[in-house]
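S.K.:
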Ligand code: GTP
Ligand code: SPV
Ligand code: MN
């Protein structure tokens with residue numbers, strides 16, 4: 001096995017000089033190392049052992065109550081020119097950010113141990129993989145990175161003599177708001193995060209590296225880093241087609257990526273390639289190829305049960321870390337939407353007594369599970385393919401109670417990119433600093449994750465399209481439309497396969513559609529709905545396009561896109577005019 005090269009050693013020395021830890025430990029990703037750290041965490045009560053019969057090898061972790069989700073207002077893109085971060089990102093000048101972070105980090109690991117984590121994002125042997133090195137004082141981060149990335153000394157071999165690694169600096173410091181910064185320096189390929197040890201704020205291989213830094217690298221190198229699941233759909237008629245889908249945080253990626261076909265569609269099989277992040281590249285064949293850079297799942301717990309997501313339930317049946325779920329007296333985890341009814345008594349996610357009469361939820365709404373992808377019974381045999389899988393379709397979605405139909409197909413790549421960029425979605429608990437439920441624009445589900453100006457990002461999407469002679473078709477979906485009774489019109493979860501089947505049949509030119517101002521919706525009876533208890537009226541309501549409502553939507557969209565000024569693709573202006581014409585204005 002390799003050893004860290006001189007570039008790595010000198011950067012780690014620099015980090016240690018600033019942080020002044022008592023010890024520096026170079027991690028190797030071994031099982032022995034994981035056991036040792038776990039034992040230490042159990043002794044320090046940083047982990048709570050779960051019932052060994054019901055949850056073998058699994059633990060509960062309670063985070064600090066003010067550190068339970070990504071924090072968008074403390075997340076910065078630090079590039080020299082403010083305009084290059086764009087109107088949707090927080091920006092800080094690199095020198096100012098470094099000044100602040102140096103002050104916060106100075107001596108921050110005194111009395112503590114600094115762990116050095118070598119890791120690779122992307123399948124081993126893939127020409128698209130990227131090496132990262134993270135320093136951290138959080139053992140929780142170490143054991144989580146071991147699940148979420150390909151961690152270990154193999155990264156040193158991959159790196160060789162090169163200094164082409166992403167520098168990931170993490171210090172827990174105190175979990176106080178004024179110490180909290182999640183800063184990205186795309187020019188230097190540096191991430192510097194302090195004051196949080198939760199999920200996307202602290203596991204720097206995930207959103208920070210594989211989306212914010214990677215999106216910026218992708219722009220330079222001609223590829224895309226996207227907030228997308230990747231899945232294969234094997235049809236009973238033979239053959240597997242692949243699709244990628246971008247939905248905002250907590251809007252259904254993990255669930256779709258591992259859905260179980262309904263009985264009426266028996267014969268179909270779903271193969272999970274990834275549930276959160278996709279790196280997309282034009283191949284020599286003119287198709288778009290997708291790779292999942294991650295090796296684990298960091299999934300939303302509430303709502304997960306045997307009916308909604310049996311594959312996830314099997315995936316997390318062992319060797320899983322639960323973060324911020326409730327704990328039952330028998331040492332098992334519980335959450336809202338669990339198969340079991342609410343327990344008579346439990347400890348809530350903060351460790352406080354909870355009963356069904358309590359007015360607060362037992363599990364945090366953003367409680368999560370961390371588990372290796374290898375434990376997923378639906379895992380695709382292609383999940384580690386160095387080239388990835390070729391996409392037939394890309395889906396953009398969001399959570400919209402009104403306005404957005406269940407599904408429609410866009411007319412072409414440019415219209416599809418425009419449609420993805422137009423996505424709005426109701427805010428969920430996956431970020432700390434917004435009012436849950438209010439709708440906001442979230443282009444391509446990348447609003448919190450794009451490492452550069454989103455106007456440039458839209459142009460980059462258009463330029464990728466020019467390299468594709470066989471581009472995937474682009475669709476918009478919405479599982480969350482509600483009826484006048486305020487209930488979801490669509491059953492969702494496994495039944496979503498019905499929509500995927502229509503989509504993939506459109507890609508192979510078999511399913512019928514009807515044209516609306518937005519795009520092609522399923523023709524009557526072309527959605528495979530047999531065996532589903534859904535009235536004709538409900539189907540109509542699900543697919544309805546209300547032109548008056550959409551004229552209002554378009555006016556709001558024009559206002560939104562104006563924030564990008566002259567970085568907005570002129571093609572988007574033409575798309576808006578064309579949409580206006582189709583809507584009859
Ligand atoms: P991140 O990990 O934050 O990126 O989230 P995600 O996009 O992977 O979302 P996930 O699949 O974890 O789902 C989030 C929440 O939405 C869970 O509580 C699910 O139970 C719920 N959900 C997922 N799919 C559906 C669906 O088709 N219909 C309905 N009604 N709810 C769904
Ligand atoms: C998301 O919020 O989209 C997540 C969780 O997948 S985190 O890793 O915290 O970003
Ligand atoms: Mn996500």
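In our numbering, the protein residues as written are 1 to 585. In this text, a Cβ means the ideal position worked out from N, Cα and C, and glycines have one as well. In this text the structure is predicted, and so the values were computed from the model without any measurement.
#1: State whether the region 300–310 contacts the region 324–343, with contact taken as three or more CB pairs (one from each stretch) at a distance under 8 angstroms.
#2: Does the beta carbon of residue 482 fall short of 8 angstroms from some heavy atom of ligand 2?
#3: Give the C-beta separation of residue 431 and residue 249 to the nearest angstrom, bearing in mind that I take them to be a contact with Cβ-Cβ under 8 angstroms.
#4: Just to confirm, does residue 450 get its C-beta within under 8 angstroms of one of the non-hydrogen atoms of ligand 1?
#5: Whose CB is closer than 6 angstroms to a heavy atom of ligand 2? List the residues in chain order.
#6: Kindly indicate the opening and closing residues of the alpha helix (DSSP H) around residue 155.
#7: Relative to ligand 3, is the shortest distance from any of its heavy atoms to the C-beta of residue 227 smaller than 8 angstroms?
#8: According to DSSP, is residue 309 helix, strand or coil?
#9: Considering only C-alpha positions, which residue in the set 297, 456 and 156 is nearest to residue 83?
#10: Of all the options 113, 63, 129 and 272, which has the alpha carbon lying nearest to the alpha carbon of residue 600?
#11: Identify the residues that DSSP records as bridge partners of residue 292: which are they?
#12: Closest to residue 90 by CA distance: which of 80, 98, 76 and 271 is it?
#13: When you compare the CB positions of residue 279 and residue 292, do they come within less than 9 angstroms of one another, or not?
#14: When DSSP labels each residue in this structure, what does residue 212 get in the three-state scheme?
#15: Hey, is residue 253 close to ligand 3, as in C-beta under 8 angstroms from one of its heavy atoms?
#16: With a 10 Å radius around its C-beta and 16 neighbouring C-beta atoms as the bar for buried, classify residue 141 as buried or exposed.
#17: Between the C-alpha atoms of residue 256 and residue 495, what's the straight-line distance to the nearest angstrom?
#18: The alpha helix (DSSP H) that contains residue 502, what's its start and end?
#19: Give the DSSP-derived three-state secondary structure of residue 353 in the structure shown.
#20: Using the three-state DSSP reduction, which class does residue 424 fall into: helix, strand or coil?
#21: Between residue 342 and residue 497, which are expected to be in contact by the criterion C-beta below 8 angstroms, what is the C-beta distance as a whole number of angstroms?
#22: If you draw a straight line from the C-alpha of residue 487 to the C-alpha of residue 122, how long is it?
#23: By the three-class DSSP mapping on this structure, what secondary structure does residue 113 have?
#24: Report the residue ranges of all alpha helix (DSSP H) runs contained in full by the region 419–479; include only those spanning at least 4 residues, in chain order.
#25: Taking DSSP as the reference, what is the three-state secondary structure of residue 487?
#26: For residue 448, which residues in the same chain have their Cβ closer than 6 angstroms to its Cβ, ignoring the five residues on either side in sequence?
#27: Hey, does residue 113 have any beta-carbon neighbour from chain C nearer than 9 angstroms?
#28: Taking Cβ positions, are residue 367 and residue 383 nearer each other than 9 angstroms?
#29: Helix, strand or coil for residue 48, going by three-state DSSP, please let me know.
#30: Residue 242 bridges to which residues according to DSSP?
#31: Considering residue 372, what are the terminal residues of the beta strand (DSSP E) in which it resides?
#32: What does the Cβ neighbour count give for residue 36, buried or exposed, with the cut at 16 atoms within 10 Å?
#33: Using a Cβ-based criterion (distance less than 8 angstroms to any ligand heavy atom), does residue 587 qualify as near ligand 1?
#34: For residue 3, which residues of its own chain have a beta-carbon under 8 angstroms away from its beta-carbon, when the five flanking residues on both sides are left out?
#35: Which runs of the beta strand (DSSP E) at least 3 residues long sit entirely within the region 132–198? Give them in chain order.
#36: DSSP three-state call for residue 63: helix, strand or coil?
M.R.: If we stick to the structure as given:
#1: yes
#2: For this step, residue 482 is matched to residue 482 along the chain shown. The answer is no for residue 482.
#3: On the chain shown, position 431 is the one that residue 431 refers to. On the chain shown, position 249 is the one that residue 249 refers to. Confirmed, about 7 angstroms.
#4: The count along the chain shown starts at 1 and reaches residue 450 at position 450. No.
#5: 70, 199, 200, 206, 207, 249, 276, 298 and 430
#6: The residue given as residue 155 occupies position 155 in the chain shown. Element bounds for residue 155: 154–159.
#7: By 1-based counting over the chain shown, the position of residue 227 is 227. For ligand 3, at least one heavy atom lies less than 8 angstroms from the Cβ of residue 227.
#8: Position 309 of the chain shown, counted from the first residue, corresponds to residue 309. In this structure, residue 309 counts as coil in the three-state DSSP scheme.
#9: Within the chain shown, residue 83 is the residue found at index 83, counting from 1. Closest option to residue 83, Cα to Cα, is 456.
#10: The structure shown does not extend to residue 600, since the chain is modelled only from 1 to 585, so the question has no answer here.
#11: The residue given as residue 292 occupies position 292 in the chain shown. BP columns for residue 292 are empty, so no partner.
#12: The residue given as residue 90 occupies position 90 in the chain shown. With distances taken between Cα atoms, residue 90 lies closest to 76.
#13: Looking up residue 279 in the chain shown gives position 279. Looking up residue 292 in the chain shown gives position 292. It is a contact, given that the beta carbons lie within the stated cut-off.
#14: As a position in the chain shown, residue 212 is number 212, starting the count at 1. If DSSP states are grouped into helix, strand and coil, residue 212 belongs with the helices.
#15: Counting from one through the chain shown, the residue named residue 253 turns up at place 253. Yes.
#16: Position 141 of the chain shown, counted from the start, is the residue given in the question as residue 141. When all chains shown are included, residue 141 counts as buried.
#17: Along the chain shown, one-based indexing puts residue 256 at 256. Along the chain shown, one-based indexing puts residue 495 at 495. Near 10 angstroms, if we compare the C-alpha coordinates of residue 495 and residue 256.
#18: Reading the chain shown from its first residue, position 502 is the one you call residue 502. Segment 496–507, the alpha helix (DSSP H) holding residue 502.
#19: For this step, residue 353 is matched to residue 353 along the chain shown. Here residue 353 sits in strand by DSSP.
#20: One-based indexing of the chain shown puts residue 424 at position 424. Strand at residue 424.
#21: Your numbering for residue 342 matches position 342 in the chain shown. Your numbering for residue 497 matches position 497 in the chain shown. The pair is not a contact, with the Cβ atoms about 30 angstroms apart (cut-off 8 angstroms).
#22: Reading the chain shown from its first residue, position 487 is the one you call residue 487. Reading the chain shown from its first residue, position 122 is the one you call residue 122. Whole-angstrom Cα-Cα distance: 40 angstroms.
#23: Working through the chain shown from its first residue, we reach residue 113 at position 113. Residue 113 falls in the strand class under three-state DSSP.
#24: 454–466
#25: Indexing the chain shown from 1 puts residue 487 at position 487. If DSSP states are grouped into helix, strand and coil, residue 487 belongs with coil.
#26: On the chain shown, residue 448 is found 448 positions in, with the first residue counted as 1. So the list reads 72, once near-sequence residues are dropped.
#27: Absent here is chain C; the protein component of the structure consists of one chain.
#28: As a working note, residue 367 is residue 367 in the chain shown. As a working note, residue 383 is residue 383 in the chain shown. For residue 367 and residue 383, no; Cβs fall outside 9 angstroms.
#29: Numbered from its first residue, the chain shown carries residue 48 at position 48. Looking at residue 48 - three-state DSSP - the assignment turns out to be strand.
#30: Within the chain shown, the letter at position 242 stands for residue 242. According to DSSP, which records beta bridges pairwise, residue 242 is partnered with 232 and 391.
#31: Reading the chain shown from its first residue, position 372 is the one you call residue 372. 368–372 is the extent of the beta strand (DSSP E) around residue 372.
#32: Numbered from 1 along the chain shown, position 36 holds the residue referred to as residue 36. It is exposed - the Cβ of residue 36 has fewer than 16 other Cβ atoms within 10 Å.
#33: Absent from the structure is residue 587, since the part of the chain shown begins at 1 and ends at 585.
#34: If you number the chain shown from 1, residue 3 lands on position 3. The residues are 153 and 156.
#35: 166–171, 181–185 and 190–194
#36: Your numbering for residue 63 matches position 63 in the chain shown. If DSSP states are grouped into helix, strand and coil, residue 63 belongs with coil.
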